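Chains as they are written, first to last, in the working numbering: chain L, 1 to 320; chain H, 1001 to 1320; chain S, 2001 to 2320; chain W, 3001 to 3320; chain A, 4001 to 4320; chain E, 5001 to 5320.
Number of protein chains: 6
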Amino acid sequence: MPTTLPPVSELAPGHRGVGFFLCTRKEERPTRAGSPFLLLTLQDRSGRVPAKLFDQAEKARELFGEGDFVKVEGVVEVYEGRRELLVAKIRRVDPERDREQGFREEDCVPCAPRPVDEMWAELRARIADVGHPGLRALLTRIAEDHGDRLRVWPAAMLVHHAYRGGLLEHVLQVARVADALAGLYGADRDLVFAGAMLHDIGKLQELQYERAASYSFEGTLVGHIALGLMMVREAAAGLASLDERTRTQVEHLVASHHGALELGSPVAPASVEAMILAVADDLDARLHQVRRAIAEDEGDGEFTGYQKRLGRVLLKPAGV
Amino acid sequence: MPTTLPPVSELAPGHRGVGFFLCTRKEERPTRAGSPFLLLTLQDRSGRVPAKLFDQAEKARELFGEGDFVKVEGVVEVYEGRRELLVAKIRRVDPERDREQGFREEDCVPCAPRPVDEMWAELRARIADVGHPGLRALLTRIAEDHGDRLRVWPAAMLVHHAYRGGLLEHVLQVARVADALAGLYGADRDLVFAGAMLHDIGKLQELQYERAASYSFEGTLVGHIALGLMMVREAAAGLASLDERTRTQVEHLVASHHGALELGSPVAPASVEAMILAVADDLDARLHQVRRAIAEDEGDGEFTGYQKRLGRVLLKPAGV
Amino acid sequence: MPTTLPPVSELAPGHRGVGFFLCTRKEERPTRAGSPFLLLTLQDRSGRVPAKLFDQAEKARELFGEGDFVKVEGVVEVYEGRRELLVAKIRRVDPERDREQGFREEDCVPCAPRPVDEMWAELRARIADVGHPGLRALLTRIAEDHGDRLRVWPAAMLVHHAYRGGLLEHVLQVARVADALAGLYGADRDLVFAGAMLHDIGKLQELQYERAASYSFEGTLVGHIALGLMMVREAAAGLASLDERTRTQVEHLVASHHGALELGSPVAPASVEAMILAVADDLDARLHQVRRAIAEDEGDGEFTGYQKRLGRVLLKPAGV
Amino acid sequence: MPTTLPPVSELAPGHRGVGFFLCTRKEERPTRAGSPFLLLTLQDRSGRVPAKLFDQAEKARELFGEGDFVKVEGVVEVYEGRRELLVAKIRRVDPERDREQGFREEDCVPCAPRPVDEMWAELRARIADVGHPGLRALLTRIAEDHGDRLRVWPAAMLVHHAYRGGLLEHVLQVARVADALAGLYGADRDLVFAGAMLHDIGKLQELQYERAASYSFEGTLVGHIALGLMMVREAAAGLASLDERTRTQVEHLVASHHGALELGSPVAPASVEAMILAVADDLDARLHQVRRAIAEDEGDGEFTGYQKRLGRVLLKPAGV
Amino acid sequence: MPTTLPPVSELAPGHRGVGFFLCTRKEERPTRAGSPFLLLTLQDRSGRVPAKLFDQAEKARELFGEGDFVKVEGVVEVYEGRRELLVAKIRRVDPERDREQGFREEDCVPCAPRPVDEMWAELRARIADVGHPGLRALLTRIAEDHGDRLRVWPAAMLVHHAYRGGLLEHVLQVARVADALAGLYGADRDLVFAGAMLHDIGKLQELQYERAASYSFEGTLVGHIALGLMMVREAAAGLASLDERTRTQVEHLVASHHGALELGSPVAPASVEAMILAVADDLDARLHQVRRAIAEDEGDGEFTGYQKRLGRVLLKPAGV
Amino acid sequence: MPTTLPPVSELAPGHRGVGFFLCTRKEERPTRAGSPFLLLTLQDRSGRVPAKLFDQAEKARELFGEGDFVKVEGVVEVYEGRRELLVAKIRRVDPERDREQGFREEDCVPCAPRPVDEMWAELRARIADVGHPGLRALLTRIAEDHGDRLRVWPAAMLVHHAYRGGLLEHVLQVARVADALAGLYGADRDLVFAGAMLHDIGKLQELQYERAASYSFEGTLVGHIALGLMMVREAAAGLASLDERTRTQVEHLVASHHGALELGSPVAPASVEAMILAVADDLDARLHQVRRAIAEDEGDGEFTGYQKRLGRVLLKPAGV
């Protein structure tokens, strides 16, 4: 009986064995010799890995599709400097039978490193700490009305925090950063926290998410900033404790959080709180990319390879 | 008894007499010789003119303020190539007494060249022509709920259509342009008209307007695009005939009508209808500026002076 | 005897048979297994399709070249989400013999959907409608001197209207759009039509065109705007009815039609007519791309794939 | 005997009396009536105020010059919405005589709100906390070699922290912000503090500063980033405990702290520490401007006037 | 009898006397005290100086106009750091009478430092040196057909070489620079010289120039690059020795000499010769500005004041 | 015994034989048929050529590595329009044995066309010609301290002069260009030469170079401009004849030589000398690319293929 493959995050050249994955991409490509092969992306809780299947691809392609959980046997090789899994066997998971062999759906979906329940508890505690009654009421209502999604949603399709619970992870870290800055600059900490919690709330409607994320119809056409504003306005309706001035300031935080018009905000930050929020959001998104790029780099030099999106190479910490 | 001055749009050097105006700016400036003078902006229905008062400025400044209707006696001179009214006497209007001498409030507020009732009737007729029941219901509700403002609002503070009825004038011309383009490219004319009517609807909340326009609190902090989206969403609530897909397309038209992120739209136009609307809006705003610049140019050359906002000089039509 | 393949615009996976095409690209590529294959582009009147030949490529490559009409037998497959023709047999057309089997040169060249003669008649009618005698004389002379090319030229190599008659199709639509806008803004319709007809006239020298388009020597070095200006200047020589002021305005329309210096116009539009022309040209070029992208998209989602040149996805009309 | 004027930061229209100032600008301007007047800038510890002298300007201009301490008698007026001091009498300070009347040099130089000794003690304490021996040695040496200047230098000529002790104030706040961020992202806190302390160290050579700041010869020609790098390199020479890798990382922090090439950094931030430093520096500079703009705004609206450098109006906190 | 004033380039504060000038600007401005004064620009061969007339301005304004030669008596003062002439008496020149006192028209028009005949002889010699018969014929014809203007035209209205003979001076220096570069890079020296001589030839039509320069109708609407191309095309007509390839290369040099589309060239330089020409033209225009800014700077610091157009201060050579 | 292959710069399709090369790239790629092949870059003194090995790749890959000198037998083919060497046999060079067959290390490293000793002599002669004693001393010291590297270093990794002696070749040509320009504009020729010699001196530390170039640790983190400034400052220490003003001007030349902040210079050129140097450096780098692109183009059209880095096609000289 074949060995079990380690999690994706630990796969290294030479590893050989069996594993369960979610297949998020399946494309057929003809080789130049005339026969087809399959180009796949496989993922588990810890990450994604490209895979290829050359033998009997025509037959194999009928056995599963994109979005299916699959059982795979193969070996890890390096191709153009990146790991990939050379697949020997692959088939769709049979939930009943395979559960006995250790298959669990939740192990095949990338997710935030910290448990969702723990993050959710932290968010609720922070809400409870808000001193302004109207803001607290607003945030509580949103947590209750949208909690199902907010607990599990990713923060993006690709760029950063693109996994289960990623939005919540991002929201909490932005809240921490923005709170520290608010303290150092005497800004209104309640407002700043409200902005941190709500700035990306429109992503709950902009993205569709079941095993994987994609843009919704209204997400593509209206975008998460405008959708978020409408969610805030709806949640604020009828909250007696929330005065109009405060609500408008919250809306300003959501509207301006990209920091500049050319980045998609219809207005630029016009208060100390809004500037702090925009900086915290941008910094967290960028550092998340940086740290992932460093973690995923497999070269042995002092710098990562060239990071196209950031336009530079990155220094790897000495101890990494 | 002194002559009556002609309307502002016809004032020319040498004109001398009495007139009624709204004073929209009053600043005191010390002359270098030590004495103060007053720098004013006066307006009537047809336009605005700068004015100065040198004699007994200290005494005169108590007699009226910004936002007051005033009775003025003076003479038109040219200063640095521009007309200005040199004021001999000025006082606040006494509505009762001055009405007998011809003062009427509505004559002192700049407004669109075409009567409001006529424009409003055209808008209502266009709404009635909309074939899609849900869209017609949406537009009808907005016309009813916001008609009071929509009839009289200006389209901007300064740049274009910045006068009573200017928003309605702009909306109707954008509707005409966009309808012509929709016809030539087989686009959905109902959608395009809805976009034309609603694209700037948020200006009803972004601007405050009584005798003059200024930005509101939420206008400054959220902007007319997001405010307009929330107004559309609110008006759409409970309209059984308006399906969600169509509503989202209308929202897309409003959201993308500036044509690009760096111009303040949170999303770029993604449909033929949205591209047509963005072009129609931009063209109308620009041509309004161009035609005003040509009309107001007082030089006798073939070109206007340098237009800073447009970055060029403009060719004056041969017959002008 | 094998079936006849449908026109390129209707080819779908699984179609198998024989057809006549123009081969506009032939590149040899070694497969990784060591043997060569041929990468082709085949076109007929209705469009272009990529094709590949794997069997006996070395032998086949001698049998035809780029620019040859070819007879092809093959089957349509899907590769990376796009149709391509897998070629089984291919040879150069033998005009005499193949004509009997239905080969016609003109069926192998992509061309505008509307017949050239019909478009040409519309252009001549519009010229006849021009009221200004000097402009009418100028346009008539150009139609006569350059008619041979103007009837059949493409408007571009790649981006839009890149087929036989594309320039004329583009000119007529720009004329319609610009005329509608001129009517709505009281612009000089004769001038606007002259601009629409002549704005891209330099393309007759910028592009070489026989079965396919390419840049000419002077097209690459001088560009169609400057070439067009020189053609207008030459055609205007000796036209007594054309005053210098009008000729210069026409030249301005040609010179400024890209709308801005960074887009290649040596001067920016300085008249209402020039602004209208620049908007009409840009809108028609963009909407042509948009409509083609929507027509060619083969996915089944509500949006097209990402359009690199436009920087966005596009909403497909509900009925498409 | 005339009243004593309050500090500049508290001067309000109507205040009348005598005060001691440093005159940092003296320009003579002819009035249009033919006679000259003097345009002055006067400053004390708390700020700057424009001043004008109309009476006997010709005689007065001989009595003092730019850079002189002056005794002034006058009254505060408002001109174009800004305070200015209308000077009745002015003469150069006579240190001996005027000291009895309360003149003190240090009261006439704008300086940071917090006492220099207190700030300096905080800096030394932070240096002592650095764990990395080489870094601590480097920072200690720089504090010792450049302490005279570092204690009192301004951070800029105009934009932010442009007063005595401003550089130290800025350095300490950047250190606080960067330390908080380093904690939240697991960055190297010693390195981050070194960057915060040294990022603007080149300003000690870029700016000349006695009673007021100006650019030095080498400051204009080489700039503070390159000058700072050379100061670090020099201070590092012979420090056995400072390895080359660490020194290079410190140099990277200094070199990249403007965050992007177009902002004057010869390299972009390539480590988590460098990104944090660039964000902290930019945020502190911007928020310093924002808070000063809000503090100095004298209007009574909810927003400040338009801030040219920031390109927007700013929301004033409710309690201000 | 009053002293004669020195040439404008040598006027210094305190100079007092009489001189002849061309008045190129005359504007009336009311002083705040109510009376008008005249703001003038006076020029002679060596430069321009601002002037003001306060006494009896109303009477004086009738005595001359813009474009008139004037006789002036006055004294030089400094206002806001710049020289200006305070006018005591002014009247229009009476050519007959004043000629006896030394008035000569040509002394009142700013012109290039080197005599026109000498520059012209150099140009003709360079043309004679061209080895390529077709190019030599083309340049000879242009020198003959346009020599009247080419000898005296300015190169610009304001920015650089904005005086009589300035275009010729610029052309010769660009020719020298480009020739040196062509030698160092093995480029075609005949082509490079043709480009240097012709690159700005369209300025002969873009600018109107009698005593002062202004934009012509076609200059404003078509621009000097396109006008120059049409002049080259016209001059090339019928020159048997000029092959089409060479003519097109010359046209490319003219078309691309601004170096980039956003600078107004419809095509970018595509040959070594075109790149050299664009660099030579840009360098000469910039260095002319730099050297004039340094020459005109009247401060005593090591740097000039801030140069707005160049966006920096400039180091003055030690010996200046 | 097989023929000897010609140098890389002369390799043409059909050439077949044996040669010695440096292998600078070796990547293994799986073919779609399942077997691996090797993708190589081989270089000799005259240039680089891509190569592929399909037969027995697995075995061959053990026989040599990147950075090894190799003996190769193969044939030149054309793939996608570019030459490549199809390798039949390859092995690591055995220095002793192969030397007899003509192998020499120095023949396998790309280098400048002109002999290093000749270039070095020219540099020393130019240094000796410098009139300013302090500058001469500075340049002499740098030539002595850094001569080992300066003689052989490349000027870049990829873009221009990326071969042995390339930096020296670039320095000498920049010196020639800048000297010619300095002569034509009366600039300080000693300073300009110092700038030409030192502008890229930091590349000696930015790049590592043995058989091939790569970025060093401090090169990546600090960049060659700042490194060069520190080298100049170090070399200047203790030179009695070098006054501080002159040293700062040299530093300005180094600091500003990229011409603008967004190109990586921390300050913009502020003197005639600095502007000349920046132009000379940019021109030489660009023309080097242009001439190489023209030399390497193998098409037979009048233009090269599209040059991505330059954003255009290039005209090939008629005789090439």
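Yeah, the Cβ is synthetic: ideal placement off N, Cα and C, and Gly gets one too.
These numbers come from a predicted model, not from an experiment.
Collapsing the DSSP output to three states places G4047/A in a strand. At a cut-off of 8 Å between C-beta atoms, L2053/S does not count as an interface residue with respect to chain E.
In the DSSP annotation of this structure, the continuous segment of the beta strand (DSSP E) that includes G74/L starts and ends at F69 to Y79.
If you draw a 10 Å sphere on the C-beta of R1164/H, you find 16 or more other C-beta atoms in it, and that means buried.
Here T1140/H carries a helix assignment [DSSP, helix/strand/coil].
For Y3163/W, the three-state secondary structure derived from DSSP is coil.
According to DSSP, residue pairing for C3023/W in a beta bridge involves L3042/W. Annotated three-state conformation of L5085/E is strand, per DSSP. With respect to I2142/S, I2201/S sits close: the two C-beta atoms are nearer than 8 Å. Excluding five sequence positions before and after W2120/S, the CB atoms of its chain that fall closer than 6 Å to its own CB belong to R2151, given in chain order. A5270/E sits close to V4313/A, with the two beta carbons spaced by under 8 Å.
In this chain, Q5249/E is not harboured by any beta strand (DSSP E); it is covered by the alpha helix (DSSP H) spanning E5244 to S5256. Contact annotation for V313/L against chain E: T5220 [CB-CB distance below 8 Å, chain order]. Of all residues in the stretch 1248-1275 of chain H, only A1268, A1270, S1271, V1272 and M1275 come within less than 7 Å of chain S when Cβ atoms are compared, listed by chain position.
Segment contact: the stretch 3297-3312 of chain W against the stretch 4052-4060 of chain A, fewer than three CB-CB distances shorter than 8 Å; contact not assigned. Around K5026/E, the same chain offers L5038, L5040, G5065 and E5066 as residues with beta carbons nearer than 7 Å, after the five sequence neighbours per side are excluded.
Taking every protein chain shown into account, the CB of E5144/E has fewer than 16 other CB atoms within 10 angstroms, so this residue is exposed. Closest option to L1022/H, judged by alpha-carbon separation, among L1053/H, T1220/H and R1048/H: R1048/H. Annotated three-state conformation of S2241/S is coil, per DSSP.
Taking 8 Å as the CB threshold, I225/L lines the interface with chain H. Just measuring C-alpha positions, the residue of L168/L, P2/L and F103/L sitting nearest D117/L is L168/L. Proximity of F2037/S to chain E, defined by a Cβ-Cβ separation below 8 Å, is not satisfied. Listed along chain A, no residue sits closer than 8 Å to R5189/E by beta-carbon distance, the nearest being about 13 Å off. Our two residues, Q2101/S and R2091/S, have alpha carbons roughly 15 Å apart in a direct line.
Exclusion of the five residues before and after G1017/H leaves P1002, T1003, T1004 and L1005 as the residues of its chain whose Cβ lies within less than 6 Å of its Cβ. By alpha-carbon distance to L3204/W, the top candidate from A3180/W, T3246/W, V3192/W and R3149/W is R3149/W. Fewer than three Cβ pairs drawn from the stretch 3076-3088 of chain W and the stretch 3099-3115 of chain W lie within less than 8 Å of each other, which leaves the two stretches out of contact.
Distance from the CA atom of D297/L to the CA atom of K316/L, rounded to whole angstroms, is 9 Å. Assigned with DSSP and collapsed to three states, Y209/L falls in strand. Taking 8 Å as the upper bound for CB-CB distance, A1196/H and V1250/H are not in contact here, some 11 Å apart.
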